[in-house]
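Chemist: Per this note's numbering, the very first residue in the sequence shown carries number 43; after that it's consecutive. One structure coming up, written as structure tokens, with questions to follow.
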Amino acid sequence: MIRRFWFYTHVAVFVSIMVFLIGVFSLHHDGVSKQLAISATTPLPVIVVTPELTTTTFGVFDVSSGAMLVAGGKDTIVPIASVAKLFAGAALVSHGPLNATTTIHFADLEAEGGAGKLTHGDEYSYQELLFPLLLESSNDAAATLGRASKGVILEKMNTLSQSVGATDTLFTDPSGFSDDTVSTVNDLQVLVASVYRNQPHVFDITLLPQYIGTQTGWMNNNPFVGLEGYKGGKHGYTTAAGRTAVAVFNEEIDGRTLTLGYIILGSTNLKADMQILRDSVHNSATEN
Numbered sequence: 043m044i045r046r047f048w049f050y051t052h053v054a055v056f057v058s059i060m061v062f063l064i065g066v067f068s069l070h071h072d073g074v075s076k077q078l079a080i081s082a083t084t085p086l087p088v089i090v091v092t093p094e095l096t097t098t099t100f101g102v103f104d105v106s107s108g109a110m111l112v113a114g115g116k117d118t119i120v121p122i123a124s125v126a127k128l129f130a131g132a133a134l135v136s137h138g139p140l141n142a143t144t145t146i147h148f149a150d151l152e153a154e155g156g157a158g159k160l161t162h163g164d165e166y167s168y169q170e171l172l173f174p175l176l177l178e179s180s181n182d183a184a185a186t187l188g189r190a191s192k193g194v195i196l197e198k199m200n201t202l203s204q205s206v207g208a209t210d211t212l213f214t215d216p217s218g219f220s221d222d223t224v225s226t227v228n229d230l231q232v233l234v235a236s237v238y239r240n241q242p243h244v245f246d247i248t249l250l251p252q253y254i255g256t257q258t259g260w261m262n263n264n265p266f267v268g269l270e271g272y273k274g275g276k277h278g279y280t281t282a283a284g285r286t287a288v289a290v291f292n293e294e295i296d297g298r299t300l301t302l303g304y305i306i307l308g309s310t311n312l313k314a315d316m317q318i319l320r321d322s323v324h325n326s327a328t329e330n
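Following this line, the structure appears as structure tokens:
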């Protein structure tokens, strides 16, 4: 009787998660299509004054056309920290199987930091591990998925970068903790646009303020959650990378809606730099 109850409980939880993901994918896909259609036919703003940030490596681009509105150090190859997890999530969603399960090993918990609240012996589906990966930026979740997939997720992350022409990008681990996981503003522009278009449900997860799973819950620690127009993204930090972020916002400019991507690498004040970039788009722009 206990085993039967356990089985039906887990089936119910799995079905609920699937319904949620299908729902948010459908809603986001419709929204993405409409916003990109608007953006593709709308004149883009021109940033008149280059913003002064705590970093010289940044960019703002139109997600639909790929046009860069303003950028600094766009070809500079630098570590990207946990921004890499966005692409680990995309690789997992694209190549699954999401319903596969794995048990947390002691070795998985040796990753830097304790985010994710994973415990040795707990069993999770790959799908559920997306939530600590993307909401709490769990290195343990990244290590677990990398180990459980036998390196396939890391392989597919690099396949993604190659397929979109991001030739200066290299993923050496799914978490981005390694200083050798690097990219550029130019490369992240095409990578972010690709994931936003083709795996929009990954961005949907990054919008959640929290998620309650079968064994624990996870809070979203992204500093941009709740800001007006925010459509998702990922941030990170290591000593070598500094503070990093990629984010998508719907910006209302002169009665028009533009879907813009923001990239900040090597920052010392992520929230302030993002605000400066967004203000530059709104206040220092003129139409072509």
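Glycine is no exception: its CB is placed at the ideal position from the N, C-alpha and C atoms.
If you drop the 5 nearest sequence neighbours on each side, which residues of the same chain put their C-beta closer than 7 Å to that of Y253?
Modeler: F173, L177, G259, W260
Chemist: Ends of the beta strand (DSSP E) at I254?
Modeler: 252-254
Chemist: For Q257, I'd like the list of residues in its chain whose CB is within less than 7 Å of its CB, leaving aside the five on either flank, ordered along the chain.
Modeler: Apart from the 5 residues on each side of it in sequence, Q257 sits with its Cβ closer than 7 Å to the Cβ of D164 in its chain, given in chain order.
Chemist: Using the three-state DSSP reduction, which class does L312 fall into: helix, strand or coil?
Modeler: helix
Chemist: For K159, I'd like the list of residues in its chain whose CB is within less than 6 Å of its CB, leaving aside the five on either flank, ordered along the chain.
Modeler: T258
Chemist: Excluding the 5 residues preceding and the 5 following E197 in the sequence, name in chain order all residues of the same chain whose CB lies nearer than 6 Å to its CB.
Modeler: none
Chemist: Measure the beta-carbon distance from V244 to V234 and round it to whole angstroms, keeping in mind my assumption that it falls under 8 Å.
Modeler: With a Cβ gap of about 11 Å, V244 and V234 do not count as contacting.
Chemist: Quick check: what's the CA-CA separation for A287 versus L230?
Modeler: Between A287 and L230, the C-alpha separation is close to 10 Å.
Chemist: According to the Cβ coordinates, are I318 and P87 closer than 8 Å?
Modeler: Cβ distance not < 8 Å, so I318 and P87 don't count as in contact.
Chemist: Apply the 10 Å Cβ neighbour rule to N141 and answer buried if 16 or more other Cβ atoms are within range, or exposed otherwise.
Modeler: exposed
Chemist: For N228, is the classification buried or exposed, using 16 other Cβ atoms within 10 angstroms of its Cβ as the cut-off for buried?
Modeler: buried
Chemist: Can you say whether N325 is buried or exposed, counting buried as having 16 or more other CB atoms within 10 angstroms of its CB?
Modeler: It counts as exposed.
Chemist: Residues in its own chain within less than 7 Å of F266 by CB, not counting five upstream and five downstream?
Modeler: Y272, G275, A289, M316
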